[in-house]
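K.L.:
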Amino acid sequence: MPVSRLNRVAVLVLDGAKPLDVGIPAQVFTTRASMPYEVRVCGAASGLVTGGDGLSYHVAHGLDALGWADIVFVPGYRHPDREPPGPAVLEALVAAHDRGARLAAISTGAFALAATGLLDGRRATTHWHYTRALAAQYPLVRVDENVLFVDEGSVLTSAGAASGIDLCLHVLRGDLGVAAANHAARRLVAAPYRSGGQAQYVPRSVPEPIGERFAATREWALHRLGEPLTLETLARHAAVSPRTFSRRFVEDTGYTPMQWVMRARVDMARELLERSERGVEQIAADTGLGTGANLRLHFQSILGTTPSEYRRTFAQGE
Numbered sequence: 001m002p003v004s005r006l007n008r009v010a011v012l013v014l015d016g017a018k019p020l021d022v023g024i025p026a027q028v029f030t031t032r033a034s035m036p037y038e039v040r041v042c043g044a045a046s047g048l049v050t051g052g053d054g055l056s057y058h059v060a061h062g063l064d065a066l067g068w069a070d071i072v073f074v075p076g077y078r079h080p081d082r083e084p085p086g087p088a089v090l091e092a093l094v095a096a097h098d099r100g101a102r103l104a105a106i107s108t109g110a111f112a113l114a115a116t117g118l119l120d121g122r123r124a125t126t127h128w129h130y131t132r133a134l135a136a137q138y139p140l141v142r143v144d145e146n147v148l149f150v151d152e153g154s155v156l157t158s159a160g161a162a163s164g165i166d167l168c169l170h171v172l173r174g175d176l177g178v179a180a181a182n183h184a185a186r187r188l189v190a191a192p193y194r195s196g197g198q199a200q201y202v203p204r205s206v207p208e209p210i211g212e213r214f215a216a217t218r219e220w221a222l223h224r225l226g227e228p229l230t231l232e233t234l235a236r237h238a239a240v241s242p243r244t245f246s247r248r249f250v251e252d253t254g255y256t257p258m259q260w261v262m263r264a265r266v267d268m269a270r271e272l273l274e275r276s277e278r279g280v281e282q283i284a285a286d287t288g289l290g291t292g293a294n295l296r297l298h299f300q301s302i303l304g305t306t307p308s309e310y311r312r313t314f315a316q317g318e
């Protein structure tokens, strides 16, 4: 949303922190004209923090940064199923949450959030290698091992490191809109949109040529959202039966083919609302949604708002 000051992001580096997990939010939310964020990297205290993989971090801020931040990222760290972070860290996380900051864990950072009790009764995920350990250590947490990330509003969790990029782009879409998130994705050379419900991994082997064809079909469909797209059309492009296509598509993305197409069309409509002055009826036609009434219906169903409200919130220049 439009802001009168920079959004404040704290990246909490714990002992054993994984370097990629630390770097993802620090780089995604780096301060630049297109990214109205200020990032502070912090630890239990300022100074040297011993990380994982042979690296250490010199952080400029201590836990006071959590009292400053609008969103706190907790990167993954080594051996999360052993001792939880110290009481001062857990108390600072709870205090930040209580005053309204969002808490977002990347990978095994979910263990730190679980130790605060803030995940009790909520859905959460972590790296697939640790999902059983998280469920065993914190039985009140509803662990979902088959998703890339989970957004529970004030607390968010993600799977392995690459899923941290998906989580950060998800936060960007909510804060600044689709165009800003797509811009960041292009800068990172990352997929602009992967559903949080997409599976972390496919538990059985998949013939690579079919996997490549399915990815190619999704890319093909993204360039033809204004045209009629049916299950049969998509399956024909992938050179498999509609039944096989539908089953595999759900495994790969977490959505049925038509749910995925609908969300892709709504995302295209979101970007047109942000970046153009086209009317709702024209946008509906351009995105394959048919009529303005249909666009409004799906906007409300998927996003919980109307196209006009969305435009007022995210239109460029506001």
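Using full-length UniProt numbering, the letters of the sequence shown correspond one by one to residues 1 to 318. Note that the Cβ used here is the ideal one computed from N, Cα and C, for glycine as well. Model, not experiment: these values are computed from the prediction.
Please state if the CB of Leu273 and the CB of Tyr310 are separated by a distance shorter than 8 angstroms.
P.N.:
Taking the sequence shown and counting its residues from 1, one reaches residue 310 at position 310. Taking the sequence shown and counting its residues from 1, one reaches residue 273 at position 273. Closer than 8 angstroms, so yes.
K.L.:
Please name the residue or residues paired with Met35 in a DSSP beta bridge.
P.N.:
Start at 1 with the first residue of the sequence shown, and residue 35 comes out as number 35. Answer is Arg32, bridged to Met35.
K.L.:
For Pro2, count neighbouring Cβ atoms within 10 angstroms of its own Cβ and tell me buried if that reaches 16, exposed if not.
P.N.:
As a first step, residue 2 must be located in the sequence shown, where it is residue number 2. At Pro2 the pLDDT is 45, less than 50, meaning the model places this residue with poor confidence; the figure from the coordinates comes in the next sentence. Pro2 comes out exposed.
K.L.:
Rounded to a whole number of angstroms, what is the C-alpha to C-alpha distance between Thr108 and Glu281?
P.N.:
To locate residue 108, count along the sequence shown from 1; it is residue 108. To locate residue 281, count along the sequence shown from 1; it is residue 281. Answer to the nearest angstrom: the Cα atoms are 45 angstroms apart.
K.L.:
Please classify Pro139: is it buried, with 16 or more other beta-carbons within 10 angstroms of its beta-carbon, or exposed?
P.N.:
Locating residue 139 in the sequence shown gives position 139, counting from the first residue. So Pro139 counts as exposed.
K.L.:
Between Val261 and the rest of its own chain, which residues show a CB-CB distance below 6 angstroms, the 5 nearest in sequence each way excluded?
P.N.:
If you number the sequence shown from 1, residue 261 lands on position 261. Closer than 6 angstroms at Cβ, skipping near neighbours: Leu229.
K.L.:
Of the choices Arg186, Arg187, Val250 and Gly226, whose alpha-carbon is the least far from that of Ala215?
P.N.:
Residue mapping note: residue 215 aligns to position 215 of the sequence shown, counting from 1. Comparing Cα-Cα distances from Ala215 to each of Arg186, Arg187, Val250 and Gly226, the minimum goes to Val250.
K.L.:
Going by other Cβ atoms of all chains shown within 10 Å of its Cβ, with 16 needed for buried, is Asp166 buried or exposed?
P.N.:
Along the sequence shown, one-based indexing puts residue 166 at 166. Asp166 comes out buried.
K.L.:
Using only the alpha-carbon positions, how far apart do Arg142 and Arg278 sit?
P.N.:
As a working mapping, residue 142 is identified with position 142 in the sequence shown. As a working mapping, residue 278 is identified with position 278 in the sequence shown. Answer to the nearest angstrom: the Cα atoms are 43 angstroms apart.
K.L.:
At what residues does the alpha helix (DSSP H) containing Asp175 begin and finish?
P.N.:
For this step, residue 175 is matched to residue 175 along the sequence shown. Asp175 -> alpha helix (DSSP H) spans Ala161 to Leu176.
K.L.:
From the DSSP output, in three-state form, read off Leu12 for me.
P.N.:
Residue mapping note: residue 12 aligns to position 12 of the sequence shown, counting from 1. Of the three classes helix, strand and coil, the one that applies to Leu12 here is strand, per DSSP.
K.L.:
What residue does the beta strand (DSSP E) around Leu156 start on, and which one ends it?
P.N.:
By 1-based counting over the sequence shown, the position of residue 156 is 156. Boundaries of the beta strand (DSSP E) around Leu156: Val155 to Ser158.
K.L.:
With a Cβ-Cβ cutoff of 8 angstroms, do Tyr57 and Leu6 count as a contact?
P.N.:
Indexing the sequence shown from 1 puts residue 57 at position 57. Indexing the sequence shown from 1 puts residue 6 at position 6. Contact: no.
K.L.:
Are Leu93 and Leu113 touching if we call contact CB-CB under 8 angstroms?
P.N.:
Stepping through the sequence shown from its first residue, residue 93 is reached at position 93. Stepping through the sequence shown from its first residue, residue 113 is reached at position 113. For Leu93 and Leu113, yes; Cβs fall inside 8 angstroms.
K.L.:
Out of Val266, Ile283, Glu219 and Arg275, point me to the one whose CA is closest to Thr305's CA.
P.N.:
The sequence position of residue 305 within the sequence shown is 305, counting from 1. Of the listed residues, the one whose Cα sits closest to Thr305 is Val266.
K.L.:
What number of angstroms, rounded off, separates the C-alpha of Thr256 from the C-alpha of Ser246?
P.N.:
Looking up residue 256 in the sequence shown gives position 256. Looking up residue 246 in the sequence shown gives position 246. Their backbone Cα atoms lie some 6 angstroms apart in a straight line.
K.L.:
DSSP state of Asn7, grouped into three classes?
P.N.:
Taking the sequence shown and counting its residues from 1, one reaches residue 7 at position 7. Strand.
K.L.:
In three-state terms, what does DSSP make of Ser308?
P.N.:
Locating residue 308 in the sequence shown gives position 308, where the first residue counts as 1. Correct three-state label for Ser308: helix.
K.L.:
Nearest to Thr116 by CA position, among Asn146, Glu83 and Leu148, is which residue?
P.N.:
Residue numbering aside, residue 116 sits at position 116 when the sequence shown is read from its first letter. Checking every option, the nearest Cα to that of Thr116 belongs to Glu83.
K.L.:
Who are the near neighbours of Ser241 in its chain, counting only those whose CB is closer than 7 angstroms to its CB and skipping five residues on each side?
P.N.:
Counted from its first residue, the sequence shown places residue 241 at position 241. Excluding sequence neighbours, Ser241 sits near Ala235.
K.L.:
On the DSSP bridge list, what partners appear for Asp151?
P.N.:
Here residue 151 is taken as the residue at index 151 of the sequence shown, counted from 1. Leu156, per the DSSP bridge assignment.
K.L.:
Taking only beta-carbon atoms, is Gly160 less than 8 angstroms away from chain C?
P.N.:
Protein chains in the displayed structure number just one, and chain C is not present.
K.L.:
Could you tell me the boundaries of the beta strand (DSSP E) in which Ser56 lies?
P.N.:
Looking up residue 56 in the sequence shown gives position 56. Note, Ser56: beta strand (DSSP E), Ser56 to Val59.
K.L.:
Buried or exposed: where does His61 fall if 16 or more other Cβ atoms within 10 Å of its Cβ makes it buried?
P.N.:
Locating residue 61 in the sequence shown gives position 61, counting from the first residue. Note on His61: 16 or more other CB atoms within 10 angstroms of its CB, so buried under the neighbour-count rule.
K.L.:
In chain order, what residues of the same chain lie with their CB nearer than 6 angstroms to the CB of Arg312, ignoring the 5 residues before and after it?
P.N.:
To locate residue 312, count along the sequence shown from 1; it is residue 312. Cβ neighbours of Arg312 beyond the five flanking positions: none.
K.L.:
What does DSSP give as the partner residues of Leu20 in its beta bridges?
P.N.:
Translated into positions along the sequence shown, residue 20 becomes position 20. In DSSP, Leu20 forms no bridge with anything.
K.L.:
At the level of alpha carbons, what is the spacing between Gly226 and Ala136?
P.N.:
In the sequence shown, counting from the first residue as 1, residue 226 sits at position 226. In the sequence shown, counting from the first residue as 1, residue 136 sits at position 136. In a straight line, the C-alpha of Gly226 is about 47 angstroms away from that of Ala136.
K.L.:
Which first and last residues belong to the alpha helix (DSSP H) in which Arg263 is found?
P.N.:
As a first step, residue 263 must be located in the sequence shown, where it is residue number 263. Note, Arg263: alpha helix (DSSP H), Pro257 to Arg275.
K.L.:
Helix, strand or coil for Arg99 per DSSP?
P.N.:
Mapped onto the sequence shown, residue 99 falls at position 99. Coil, per DSSP.
K.L.:
On a Cα-Cα basis, can you pick out the residue from Phe314, Pro307, Ala285 and Val22 that is closest to Phe73?
P.N.:
The residue given as residue 73 occupies position 73 in the sequence shown. Residue Val22 is the option with its Cα nearest to Phe73.
K.L.:
Taking the alpha carbon of Asp144 as the reference point, which residue from Thr126, Met268, Gly160 and Glu152 has its own alpha carbon closest?
P.N.:
Here residue 144 refers to the residue found at position 144 when the sequence shown is read from its first residue. Minimum Cα distance to Asp144 is reached at Thr126.
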